[in-house]
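What follows is a set of notes on a single structure, which appears directly below.
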Amino acid sequence: MVQPLTYFKESASQTAGPYVHIGCTPNFSGITGVYDTDLGSGPMVNDQTRGERITIRGFIYDGANTPLKDAMIEIWQADADGYYNSPSETRGKADPNFFGWARQPGDMATGEFAFETIKPGSVPFRDGRPMAPHVTFWVVARGINLGLNTRMYFSDEEEANAADPILSRIEHRVRVPTLIGKRDGNTVTFNIYLQGENETIFFDI
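Mind the numbering: the sequence shown is residues 1 to 205 in UniProt numbering, read in order.
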């Protein structure tokens, strides 16, 4: 007699909880001696990195429009020529002086995050069309069951944004601005809203 394989049922999701920083950023949490540095906390650029230096700053807001103070943010992006620092990159050679990925907890007092990086180049969509320059974000915090994925595009790339294969598929056009980082000089401000009127678009990937 065949019995149902109930033991293969998917485990229930749980929030990141209050221990996400201990596991992912132990030095930041005051747990030293395990790793020299926290993974992803090193600089993304050095003095030989190609491209335009920028700083991405922002906050993660909850549904009450209050900054989260326990969020952890990861970003990944292409280099200035549009290549990823990844073994799966087959289109060309990525800049060896650009790391392309970083992880950072928000400031525990204010909730602000900041990444020192470069403006990425354009990368192709799966059908070959060029995508506008963008940075991918992943956000986790207490109360979030699954990490949230989104993108930040640049306010100074209006023409490229208008032709972007992802942005052009968004049905509710009034929500497109939630994916646009506001550039002022070398600083790009990108605030992420988890809920509410200004809720950021998140991607199911």
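Heads up, the beta-carbon is just placed ideally off N, CA and C, and yes, glycines get one too.
Does the beta-carbon of residue i have 16 or more other beta-carbons within 10 angstroms, so that it is buried, or is it exposed?
i	result
residue 187	exposed
residue 47	exposed
residue 146	exposed
residue 77	buried
residue 141	buried
residue 105	buried
residue 20	buried
residue 58	buried
residue 157	buried
residue 37	exposed
residue 205	exposed
residue 203	exposed
What would DSSP say about residue i, mapped onto helix, strand or coil?
i	result
residue 161	helix
residue 181	strand
residue 123	coil
residue 22	helix
residue 34	coil
residue 168	helix
In terms of DSSP beta bridges, what is residue i paired with?
i	result
residue 72	105, 140
residue 149	138, 203
residue 61	67, 193
residue 94	None; residue 94 has no bridge partner.
residue 114	57
residue 130	124
residue 45	98
residue 154	181
residue 188	56, 183
Hey, how far is the Cα of residue i from the Cα of residue j?
i	j	result
residue 84	residue 109	33 angstroms
residue 49	residue 55	15 angstroms
residue 92	residue 66	43 angstroms
residue 177	residue 12	34 angstroms
residue 133	residue 87	21 angstroms
residue 111	residue 126	35 angstroms
residue 198	residue 34	40 angstroms
residue 190	residue 150	11 angstroms
residue 166	residue 119	19 angstroms
residue 31	residue 183	36 angstroms
residue 94	residue 123	12 angstroms
So, under 8 angstroms CB-CB, residue i and residue j are touching, yes? Tell me the CB distance rounded to an integer number of Å.
i	j	result
residue 22	residue 139	The pair is not a contact, with the Cβ atoms about 18 angstroms apart (cut-off 8 angstroms).
residue 75	residue 135	5 angstroms
residue 39	residue 103	6 angstroms
residue 44	residue 99	5 angstroms
residue 194	residue 62	5 angstroms
residue 71	residue 51	Rounded, the Cβ-Cβ distance is 27 angstroms, inconsistent with contact.
Using a Cβ-Cβ distance under 8 angstroms, would residue i count as near chain C?
i	result
residue 182	No chain C is part of this structure, which consists of one protein chain only.
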